[in-house]
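**Q** I have a structure I would like to understand better, so I am pasting it below and will then ask my questions one at a time.
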Amino acid sequence: MKQKTIPLPLTAWRLGGVTLLLFSLLTAQVLAAVLPDFTQLIAQNKDAVVSINATRKSGGSADRFPGNPEVPDLFKRFFEQFPDRPSVPNARSAGSGFIISADGYVLTNAHVVADTEEVTVTLSDRRELPAKLIGADENTDLALLKVNADGLPTVKLGDSEQLKVGQWVFAIGAPFGFQHSATQGVISALSRSLPDGTYVPFIQTDVAVNPGNSGGPLFDLDGNVIGINSQIYSRSGGYMGLSFAIPVNVAKNIVEQLKTNGYASHGWLGVLIQDMNQALAQSFGLDKPAGALVAQVTPDSPAAKAGLRAGDVIVNYNGKWIDRSGELPPLVGATSTGSQVPVDILREGKKMSVTLTIGELEQQSGRLSMNRSDAATADSPLGLAVEQLNDAERKELGVANGVLVAGVDPEGPAAEAGIRPRDVILSFNQQPVESAAQLKQLISAAPKGKPAAVQIQRQQQALFVAVPIPAEKVG
-2 MKQKTIPLPL TAWRLGGVTL LLFSLLTAQV LAAVLPDFTQ LIAQNKDAVV SINATRKSGG
58 SADRFPGNPE VPDLFKRFFE QFPDRPSVPN ARSAGSGFII SADGYVLTNA HVVADTEEVT
118 VTLSDRRELP AKLIGADENT DLALLKVNAD GLPTVKLGDS EQLKVGQWVF AIGAPFGFQH
178 SATQGVISAL SRSLPDGTYV PFIQTDVAVN PGNSGGPLFD LDGNVIGINS QIYSRSGGYM
238 GLSFAIPVNV AKNIVEQLKT NGYASHGWLG VLIQDMNQAL AQSFGLDKPA GALVAQVTPD
298 SPAAKAGLRA GDVIVNYNGK WIDRSGELPP LVGATSTGSQ VPVDILREGK KMSVTLTIGE
358 LEQQSGRLSM NRSDAATADS PLGLAVEQLN DAERKELGVA NGVLVAGVDP EGPAAEAGIR
418 PRDVILSFNQ QPVESAAQLK QLISAAPKGK PAAVQIQRQQ QALFVAVPIP AEKVG
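All residue numbers for the sequence shown refer to our numbering, where the first residue is -2 and numbers rise by one.
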């Protein structure tokens, strides 16, 4: 009896098809079990995320654009803005923020609202509300706003101390003005130190963030805010897989201070530090590169009073081991003024312990839109108030001469040129400036109706700005 047979190729095809189908189903199930589902988390939190639009003061936006020495070349604070130019009257910028209390407190980045005349917050229901700047802290790049509204949706603040490298996170913000855009990724590293973020141990992620995301929240899989998006690493100005967020535990402390005082206080040691490399470690008698090498001690500072000196290596601060120099400033900054802190150092290969009384970091600007000496600017033809630098301040700033800008009239020629409080004026029309009285004489002698070349130093970098000298009034 002849048996029916199915050709082998057909049998193999059918078996292969079944196997492929089973494999696809199993793979989908495995991926569904492994990959998180963000849909509910985003739905629960998106209404508490807001868009922020700010109108900048005339001349106040120049130092916030790409290419300015205040922002390192590759690390960019990111928010929507106009192209780079010396002075942009009424320039507008946009960023993100999130509501932390039902009565209208909103947290965002300080650089989003710096030097602004007007800030508007757009809620998820499309209401546009004027916002009041309660306070801002440039050292941590955080700002607190307040809108007049009640019953607003809020986020939950998590604990950034519990974060692990590799865990899933997601962000909600308004990149390029596209509100409530969500992106996801993983934590790439913790406690990153960036060039212009001395007091922040940044969270590094691969979450896609772009201009407009600045100030928006970074969430964990429990729906808690664990960071505030602040900076990106980029060669093009856009996202390249490296984004950085401020840990929420840093923000919690700053928010309470801003609510109470309008500014944030930071601990201060008075040392310049640098990383140890292998060669330096060997020269200091260390087995491996570790600790923060003291390069300079400010006279009369807490460090100087405790006996620290250049060449010391700080290896432990208040019970916490210091592996890299970037780990020390956030710890010091978070320490209350007047606290007694034990510090372990290595000096000439020998371990020593000292006790430091923490000082207070000088306030740069409690509210970023306010000057320290507004009244003194009225009599200046440039709308400028300056203060004399003492020897210690010159040494700390690394300048041989100059005067400190204490206040700037937002409507004056100095503001129009982009000069801001805390700049150091080094020269005026190529004449070195030694004192406030000399600067006044140079301004008086300058040709009226023509711009003057003013050299300033801002955050250790010098640049020239052209300040228009007002023409003499006739009649």
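Note that the Cβ used here is the ideal one computed from N, Cα and C, for glycine as well.
Note the first and the last residue of the continuous beta strand (DSSP E) segment covering THR557.
**A** Residue 557 falls outside the range modelled here, since the chain spans only -2 to 472, and no answer is possible.
**Q** Taking all protein chains shown into account, decide if GLN228 is buried (16 or more other Cβ within 10 angstroms of its Cβ) or exposed.
**A** Sequence index remark: in the sequence shown, residue 228 carries index 231 (1-based). Answer is buried; the Cβ neighbour count reaches 16.
**Q** Is ASP122 helix, strand or coil when you go by DSSP?
**A** Within the sequence shown, residue 122 is the residue found at index 125, counting from 1. Note: ASP122 maps to coil in three-state DSSP.
**Q** Near SER240, what residues of its chain come up, given a Cβ to Cβ distance below 6 angstroms and the 5 sequence neighbours on each side ignored?
**A** As a working mapping, residue 240 is identified with position 243 in the sequence shown. THR202, VAL204, VAL206 and ILE229.
**Q** Give the single residue among PRO467, ALA463, GLN428 and ASP420 whose Cα lies nearest to the Cα of ARG455.
**A** Taking the sequence shown and counting its residues from 1, one reaches residue 455 at position 458. Cα-wise, what sits closest to ARG455 is ASP420.
**Q** Between the alpha carbons of ALA276 and VAL312, how many angstroms are there, rounded?
**A** Translated into the one-based positions of the sequence shown, residue 276 becomes position 279. Translated into the one-based positions of the sequence shown, residue 312 becomes position 315. Each residue's Cα considered, the two are about 17 angstroms apart.
**Q** Mind checking SER377: buried by the 16 CB within 10 Å criterion, or exposed?
**A** The sequence position of residue 377 within the sequence shown is 380, counting from 1. So SER377 counts as buried.
**Q** Measure how close the beta-carbons of ILE440 and LEU401 come, nearest whole angstrom, since I'm counting them as under 8 angstroms.
**A** Within the sequence shown, the letter at position 443 stands for residue 440. Within the sequence shown, the letter at position 404 stands for residue 401. Contact flag wrong, Cβ pair sits at about 16 angstroms.
**Q** Buried or exposed: GLN37, going by 16 or more other Cβ atoms within 10 Å of its Cβ?
**A** Here residue 37 refers to the residue found at position 40 of the sequence shown. GLN37 comes out exposed.
**Q** Let me know the secondary structure DSSP gives ASN315 once reduced to three states.
**A** Your numbering for residue 315 matches position 318 in the sequence shown. Coil.
**Q** Identify, in the order they occur along the chain, each residue of the same chain with its Cβ nearer than 6 angstroms to the Cβ of GLY163, setting aside the five sequence neighbours on each side.
**A** Taking the first residue of the sequence shown as position 1, residue 163 is located at position 166. Result list for GLY163: VAL183, in chain order.
**Q** In angstroms with no decimal places, state the Cα-to-Cα distance between GLN181 and PHE167.
**A** For this step, residue 181 is matched to residue 184 along the sequence shown. For this step, residue 167 is matched to residue 170 along the sequence shown. Cα-Cα distance, rounded: 4 angstroms.
**Q** When DSSP labels each residue in this structure, what does PHE173 get in the three-state scheme?
**A** Here the question's residue 173 lines up with position 176 in the sequence shown. Looking at PHE173 - three-state DSSP - the assignment turns out to be helix.
**Q** Verify whether the separation of the beta carbon atoms of LEU126 and VAL110 is less than 8 angstroms.
**A** For the purposes of this step, residue 126 is taken as residue 129 along the sequence shown, with counting starting at 1. For the purposes of this step, residue 110 is taken as residue 113 along the sequence shown, with counting starting at 1. In this structure, VAL110 does not lie closer than 8 angstroms to LEU126 by Cβ.
**Q** With a Cβ-Cβ cutoff of 8 angstroms, do LEU269 and SER298 count as a contact?
**A** Looking up residue 269 in the sequence shown gives position 272. Looking up residue 298 in the sequence shown gives position 301. Cβ distance not < 8 angstroms, so LEU269 and SER298 don't count as in contact.
**Q** Between which residues of its own chain and GLY409 is the CB-CB distance below 8 angstroms, once the five residues before and five after are set aside?
**A** Counting from 1 along the sequence shown, the entry for residue 409 is found at position 412. Correct list, in chain order: THR374, SER377, LEU379, GLY380 and LEU381.
**Q** Going by alpha carbons, who is nearest to ALA242 out of VAL116, GLU431, VAL197 and PHE425?
**A** Here residue 242 refers to the residue found at position 245 of the sequence shown. When each option's Cα is compared against that of ALA242, the closest is VAL197.
**Q** What residues are listed by DSSP as bridge partners for ASP272?
**A** Taking the sequence shown and counting its residues from 1, the one referred to as residue 272 is at position 275. BP columns for ASP272 point to ALA289.
**Q** Return the bridge partner residues of PHE216 from the DSSP annotation.
**A** Here the question's residue 216 lines up with position 219 in the sequence shown. DSSP lists PHE167 and VAL222 as partners of PHE216.
**Q** Assuming LEU142 and GLY174 make a contact with CB atoms under 8 angstroms, what is their CB distance in whole Å?
**A** The count along the sequence shown starts at 1 and reaches residue 142 at position 145. The count along the sequence shown starts at 1 and reaches residue 174 at position 177. About 19 angstroms separates the two Cβ atoms, so there is no contact after all.
**Q** Around the Cβ of SER178, are there at least 16 other Cβ atoms within 10 angstroms (buried) or fewer (exposed)?
**A** Mapped onto the sequence shown, residue 178 falls at position 181. Under this definition SER178 is a buried residue.
**Q** Using CA coordinates, which residue listed in ALA45, PRO429 and GLY323 is at the minimum distance from VAL152?
**A** By one-based count along the sequence shown, residue 152 stands at place 155. Among ALA45, PRO429 and GLY323, the Cα nearest to that of VAL152 is on ALA45.
**Q** Tell me which residues share the same chain as ASP341 and place their Cβ nearer than 6 angstroms to its Cβ, disregarding the 5 neighbours each side in the sequence.
**A** As a position in the sequence shown, residue 341 is number 344, starting the count at 1. Excluding sequence neighbours, ASP341 sits near VAL312, ASN313 and SER350.
**Q** Quick one: Cα of GLN279 to Cα of LYS285, how far?
**A** For the purposes of this step, residue 279 is identified with residue 282 of the sequence shown, where counting begins at 1. For the purposes of this step, residue 285 is identified with residue 288 of the sequence shown, where counting begins at 1. So the two alpha carbons sit approximately 8 angstroms from each other.
**Q** Roughly how far, in whole angstroms, is the beta-carbon of GLN385 from the beta-carbon of SER424, given that I think they are within contact range, below 8 angstroms?
**A** Taking the first residue of the sequence shown as position 1, residue 385 is located at position 388. Taking the first residue of the sequence shown as position 1, residue 424 is located at position 427. With 8 angstroms as the limit, GLN385 and SER424 do not qualify as a contact, their Cβ atoms being about 16 angstroms apart.
**Q** Can you look up ASP297 in the DSSP assignment and give me helix, strand or coil?
**A** To locate residue 297, count along the sequence shown from 1; it is residue 300. The answer is coil: DSSP assigns ASP297 none of H, G, I, E or B.
**Q** When DSSP labels each residue in this structure, what does THR113 get in the three-state scheme?
**A** Position 116 of the sequence shown, counted from the start, is the residue given in the question as residue 113. THR113: strand per DSSP, three-state reduction.
**Q** Could you tell me if ASP122 is buried or exposed, where buried requires 16 or more neighbouring beta carbons within 10 angstroms of its beta carbon?
**A** By 1-based counting over the sequence shown, the position of residue 122 is 125. Result: exposed.
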